[in-house]
Amino acid sequence: PDPVPGLPSAPADNLDAQFAAARTLDDFKALAAKGYVKAYAPLAEKYFQGRQYKMADQYVRLAAAAGSGTAQAKRVAETLKAAGYYDDPSVGSYPF
Numbered sequence: 003p004d005p006v007p008g009l010p011s012a013p014a015d016n017l018d019a020q021f022a023a024a025r026t027l028d029d030f031k032a033l034a035a036k037g038y039v040k041a042y043a044p045l046a047e048k049y050f051q052g053r054q055y056k057m058a059d060q061y062v063r064l065a066a067a068a069g070s071g072t073a074q075a076k077r078v079a080e081t082l083k084a085a086g087y088y089d090d091p092s093v094g095s096y097p098f
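This note's numbering puts the first residue of the sequence shown at 3, with every later residue one more than the last.
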């Protein structure tokens with residue numbers, strides 16, 4: 003397989019190395035697309051920072067379900083909760 007775009011120094015067969023080198027939203031999205039669950043919590047944080055709250059919540063839920071990066075994902079969820087995001091019944095309940 004090809005390496006993750008933007009991460010030429012990381013070998014394609016070593017997702018852990020690609021994760022360690024990942025910095026951008028696209029880096030983490032590429033890893034998540036390969037099923038690398040450790041990318042879910044950083045994606046939640048990146049989407050939150052970009053004010054894409056629905057996507058942040060989606061990756062919070064994926065991280066929680068996978069049991070990966072839950073402390074980081076929970077911080078994002080707590081911030082969403084404090085902002086009233088989970089008060090809207092259409093988005094679902096608080097995931098933690």
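Here a beta-carbon is modelled for each residue, glycine too, at the ideal position from N, C-alpha and C.
(request) Let me know if Lys36 comes out buried or exposed under the rule of 16 or more other beta-carbons within 10 Å of its beta-carbon. (result) exposed
(message) Suppose contacts are defined by Cβ-Cβ distances below 8 angstroms. Is Ala43 in contact with Gln74 by that definition?
(response) yes
(request) With DSSP collapsed to three states, give me the class of Thr26. (result) coil
(message) Taking the beta carbon of Glu47 as the centre, do at least 16 other beta carbons fall within 10 Å, making it buried, or is it exposed?
(response) buried
(request) Please classify Gln51: is it buried, with 16 or more other beta-carbons within 10 angstroms of its beta-carbon, or exposed? (result) exposed
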